[in-house]
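Residue numbers (my numbering): 538 to 602.
Take a look at the structure below.
Laid out in structure tokens, this is it:
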């Protein structure tokens, strides 16, 4: 039953508690539920990194001329 309602009983405090989720698990859950958005986001970061690297390389080439 506690998996359905996502509550746990704390015997020390004698009450029910809602367990807090880890940030890592929230992020993995978000990526599982929003596959298209996560693919777009990851590809944006990859292509932005490639773009900055190419701009940096081009600036180095211009400095050497």
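Note that CB positions come from ideal geometry on N, CA and C, so glycine has one too.
If you're wondering where the values come from, they're calculated on a predicted model, not measured in any experiment.
For residue i, the first and last residue of its enclosing beta strand (DSSP E)
| i | result |
| --- | --- |
| residue 558 | Taken as a continuous stretch (DSSP letters only), residue 558 belongs to no beta strand (DSSP E), as it is neither H nor E. |
| residue 553 | 552–554 |
Sequence-distant residues of its chain with Cβ nearer than 7 Å to residue i (five each side left out)
| i | result |
| --- | --- |
| residue 578 | none |
| residue 546 | 553 |
Proximal residues to residue i (C-beta, below 8 Å), its chain only, five neighbours per side dropped
| i | result |
| --- | --- |
| residue 568 | 575 |
For residue i, the three-state DSSP class (helix, strand or coil)
| i | result |
| --- | --- |
| residue 578 | helix |
| residue 545 | strand |
| residue 591 | helix |
| residue 583 | helix |
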